[in-house]
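Report on the structure given below.
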Amino acid sequence: MTRALAHKLLQLLPVLVLVTVATTALVDLMPGSPGRAILGPDASPEAVAALDAQHGFDDPLPQRYLSWLGHALTGDLGSSVSNRQPVTDLIGERLPVTFEIALLALLLSVAVAVPLALWVAARPGGLADRVVSALTSATLSIPSFAVALVLAYLLAVNTHVFPVSGWVPFEDSPADNLRHVALPVFSLALAEIPIFVRILRGDLLTVLRQDFILTARTKGFSTPHVLLRHALRPASPSLVTLAGLAAGRLIGGTVIIESLFALPGLGNLATQAIYGKDLPVIQGVVLVVALSYVAVNALVDLLNSAIDPRTRTA
Amino acid sequence: MAALADTAVVGASAPPGEPLLRVSGLTVDIPTPRGPLRALDDVSFELAPHRTLGLVGESGSGKSMLVRTIMGISPARSTVTGSVRFDGVELTSLPRRAARSYWGRRIAMVFQDPTTSLNPVLTVGRQLTEATRAHLGLGRARATERAVELLDLVSIPEPRRRLRQYPHELSGGMRQRVTIAMALACDPDLLIADEATTALDVTVQKQILDLIAGIQRERGLALILVSHDLGVVAGRTDDIAVLYGGRVAERASTRVLFAGHRHPYSQALLAAVPRLDRPAGAAPRTIPGTPPDLVLAPPGCRFAPRCPSAEDDCHRAAPAPRPGADPTHAYACLHPIPTTKAERR
Numbered sequence: 098m099t100r101a102l103a104h105k106l107l108q109l110l111p112v113l114v115l116v117t118v119a120t121t122a123l124v125d126l127m128p129g130s131p132g133r134a135i136l137g138p139d140a141s142p143e144a145v146a147a148l149d150a151q152h153g154f155d156d157p158l159p160q161r162y163l164s165w166l167g168h169a170l171t172g173d174l175g176s177s178v179s180n181r182q183p184v185t186d187l188i189g190e191r192l193p194v195t196f197e198i199a200l201l202a203l204l205l206s207v208a209v210a211v212p213l214a215l216w217v218a219a220r221p222g223g224l225a226d227r228v229v230s231a232l233t234s235a236t237l238s239i240p241s242f243a244v245a246l247v248l249a250y251l252l253a254v255n256t257h258v259f260p261v262s263g264w265v266p267f268e269d270s271p272a273d274n275l276r277h278v279a280l281p282v283f284s285l286a287l288a289e290i291p292i293f294v295r296i297l298r299g300d301l302l303t304v305l306r307q308d309f310i311l312t313a314r315t316k317g318f319s320t321p322h323v324l325l326r327h328a329l330r331p332a333s334p335s336l337v338t339l340a341g342l343a344a345g346r347l348i349g350g351t352v353i354i355e356s357l358f359a360l361p362g363l364g365n366l367a368t369q370a371i372y373g374k375d376l377p378v379i380q381g382v383v384l385v386v387a388l389s390y391v392a393v394n395a396l397v398d399l400l401n402s403a404i405d406p407r408t409r410t411a
Numbered sequence: 418m419a420a421l422a423d424t425a426v427v428g429a430s431a432p433p434g435e436p437l438l439r440v441s442g443l444t445v446d447i448p449t450p451r452g453p454l455r456a457l458d459d460v461s462f463e464l465a466p467h468r469t470l471g472l473v474g475e476s477g478s479g480k481s482m483l484v485r486t487i488m489g490i491s492p493a494r495s496t497v498t499g500s501v502r503f504d505g506v507e508l509t510s511l512p513r514r515a516a517r518s519y520w521g522r523r524i525a526m527v528f529q530d531p532t533t534s535l536n537p538v539l540t541v542g543r544q545l546t547e548a549t550r551a552h553l554g555l556g557r558a559r560a561t562e563r564a565v566e567l568l569d570l571v572s573i574p575e576p577r578r579r580l581r582q583y584p585h586e587l588s589g590g591m592r593q594r595v596t597i598a599m600a601l602a603c604d605p606d607l608l609i610a611d612e613a614t615t616a617l618d619v620t621v622q623k624q625i626l627d628l629i630a631g632i633q634r635e636r637g638l639a640l641i642l643v644s645h646d647l648g649v650v651a652g653r654t655d656d657i658a659v660l661y662g663g664r665v666a667e668r669a670s671t672r673v674l675f676a677g678h679r680h681p682y683s684q685a686l687l688a689a690v691p692r693l694d695r696p697a698g699a700a701p702r703t704i705p706g707t708p709p710d711l712v713l714a715p716p717g718c719r720f721a722p723r724c725p726s727a728e729d730d731c732h733r734a735a736p737a738p739r740p741g742a743d744p745t746h747a748y749a750c751l752h753p754i755p756t757t758k759a760e761r762r
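Below, the structure is given as structure tokens:
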């Protein structure tokens, strides 16, 4: 098992290299030089040259990459061009926010989707199935920022159940923290739930047609027992894979939701860095997102081999 | 063969005279886009404790549907009419919750293909212990001991190691032994083997059939052996019911059925069994035509379109069962095969 995991991680190493090389190469794709882009058209050529030299923007790509890699391996991702703060500090501040929201959104999605899928799969074509199917297609067609706006309007602006925006760290006040993450988490989960329900429902129906389900039923077990103990596990690999993809997406791509609710997360940091042409920060964020994807992927593989013994390599 | 044919019924908890299982007028309709499919049509038979019944017929004859309906797993939207009485209790109208104390506990079933009938993601141990834990209330340790006994009973070596294995780690024959052990877990009174050896190769087939026969003798089970192959049920059953198109074509004690069958379909089935004692070059005969379409089937005998002795009246109405010379014998045919050796004997 440990060897399989190590093997998997080794396979994912090229992905990380590729992604970071590509972000380092961004400098070469910029019109003019990064220094010019950062300082603006009015800056003196000397100032631009000084900034380029200071951050090594004018070095050739292999040298830039190796130098960045060397520092990155020692835990130094450089410092922000705009405010000179170390990139690791900037990311360290933002990461807990994004991780918390992503994790809660994912947990909520699974917690809602799994019972819902089990419920409708018990009677395919029944009333519950048809209602849920209609609801999921409706929800699927609404983008999460629209949901977020409606939720914010109804629950924050109008009724003040939840704060409109802002952030309170969990350590300061757990209750306030949860109140602040509630709306972003709902909006994000609402986009994932319909997909999860549909995938799991479909896989459950496939599994429920299998002979071993008949075996379980002839052993005299109730429908809930058959669904939970016999059908759910063999039906869940697609859901786990999908949830892994969603986790990666939630960590890297919650820019809109973070902006809407003014959350100091990774997405917000990335947006600011892109506007400010803050290359070291962009590169740091990309690295963290790529790392998360890789880690989640390895976790998905582990989970799936735990779920289905047939996929285990001896 | 059929040594027990006329011995008295022993040891049932049902009132005297009541068989362990009595199926009467069982009819199952399954809705299809073209109309209702009559999968079973007025099927009746009885099974006394400790006896073995063979259910024989081609694919689509309704034999699997019949045992699945007895097990309470007929297709979701099908309508079941008629009666299935087990030990004096009507199973078809029993509330689902109460019925569960029969299925798995007193009636158990072994399916055709052990590759698909075992849950691939659960260990053998889990699948062997869940019924005894749920139905008999055994604790984990006691249930595990019971599972080891069961694997021993079906002659699986190293039972303790097997409990930790998954189905895909076992051979086909081994898997079928596990499903048999599973079926026996709660000490049922009736075991149904639905083509239990069809998916296995011939040598393993015989081992499994012998195993089932041995267990039946030892434990005094009643047994229903479902097969498309008369050869499989020949030496192993007391009685045989031949099904065709969802109806019972003929039933009799095994001896009578082989020696004095009257239904042309039974005759055709017998001719299709490969035999070593036939002269060289005499190949088994196939039955011409295909099984009937059971959606909006025409009136009359289901076998008539393929029957060599069919006449006009065969197409008009379903023939009612007629008694044969032997008290166990009944056949549904208007133009039966003339009396043969059985009655000339």
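The listed protein sequences derive, respectively, from chains A and B.
Residues are numbered in the numbering used here as their position in the first sequence, beginning at 1, plus a constant of 97.
Residues are numbered in the numbering used here as their position in the second sequence, beginning at 1, plus a constant of 417.
Ideal Cβ placement from N, Cα and C applies to all residues, glycine included.
Just so it is clear, the structure is predicted and the values come from calculations on it, not from any experiment.
| Check | Outcome |
| --- | --- |
| Bridge partner(s) assigned by DSSP for Y661 of chain B | B:R664 |
| Cβ shell of L555 of chain B (< 8 angstroms), same chain only, five flanking positions each side left out | T546, T549, R563 |
| 6 angstroms CB neighbourhood of S179 of chain A in its chain, flanking five on each side removed | G373, D375 |
| Within chain B, partners of L311 of chain A - CB distance below 9 angstroms | R485, M488, I490, M526, F528, S534 |
| Residues that T548 of chain B contacts on chain A, provided the C-beta gap is smaller than 9 angstroms | First, the amino acid is wrong: residue 548 of chain B is Ala here, not Thr. Within 9 angstroms Cβ-Cβ: K316, G317, F318. |
| Neighbouring residues, chain B, relative to R330 of chain A (Cβ below 8 angstroms) | V538, L539 |
| Min CB distance Y661 of chain B to chain A below 8 angstroms | no |
| Residues of the stretch 636-659 of chain B with Cβ closer than 8 angstroms to any Cβ of chain A, in chain order | none |
| Limits of the beta strand (DSSP E) - the one that D459 of chain B falls within | 452-464 |
| Whether L838 of chain B touches K480 of chain B by CB criterion (8 angstroms) | No statement about residue 838 of chain B is possible, as the shown extent of chain B runs from 418 to 762 and does not include it. |
| Contact list for A551 of chain B against chain A, beta-carbon separation under 9 angstroms | K316, G317, F318, H322 |
| Chain A contacts from the stretch 569-591 of chain B (Cβ-Cβ distance under 7 angstroms) | Y583, H585 |
| Residue interval of the alpha helix (DSSP H) (run including A600 of chain B) | 589-601 |
| Three-state secondary structure assigned by DSSP to M526 of chain B | strand |
| Environment of V254 of chain A [buried if 16+ CB atoms lie within 10 Å] | exposed |
| Short Cβ contact (8 angstroms threshold) for I657 of chain B with V484 of chain B | no |
| CA-to-CA distance, R295 of chain A to R653 of chain B, given in whole angstroms | 49 angstroms |
| Residue range of the beta strand (DSSP E) that includes F503 of chain B | 496-503 |
| Option in A:V116, A:S230, A:V323, A:D156 with minimal Cα separation from G381 of chain A | A:V116 |
| Best match in A:S356, A:I348, A:R306, A:G317 for proximity to A328 of chain A [C-alpha to C-alpha] | A:R306 |
| Near-chain A residues of the stretch 719-753 of chain B (beta-carbon distance less than 7 angstroms), N- to C-terminal order | none |
| Reference V673 of chain B; option with closest CA among B:T745, B:S726, B:I629, B:R723 | B:T745 |
| C-beta neighbour in chain B for S402 of chain A, strict 8 angstroms | no |
| Residue of B:R439, B:S495, B:L437 minimising C-alpha distance to P448 of chain B | B:S495 |
| Chain-ordered neighbours of R522 of chain B on chain A, where CB pairs are closer than 8 angstroms | G317 |
| Length of the line joining the Cα atoms of V565 of chain B and R514 of chain B | 29 angstroms |
| Inter-residue spacing [alpha-carbon to alpha-carbon] between H645 of chain B and F318 of chain A | 29 angstroms |
| C-beta contact flag for I487 of chain B and V440 of chain B at 8 angstroms | yes |
| Interface flag, H152 of chain A vs chain B, CB-CB below 8 angstroms | no |
| CB contact flag (P291 of chain A, F358 of chain A, <8 angstroms) | no |
| CB contact below 8 angstroms: R559 of chain B versus chain A | no |
| Cβ-Cβ distance between L187 of chain A and V378 of chain A below 8 angstroms | yes |
| Straight-line Cα distance separating V391 of chain A from L109 of chain A | 6 angstroms |
| Cβ-Cβ distance between T614 of chain B and I625 of chain B below 8 angstroms | yes |
| I704 of chain B (DSSP reduced to helix, strand or coil) | coil |
| Residues bridged to A747 of chain B [DSSP beta-bridge criterion] | B:R668, B:P740 |
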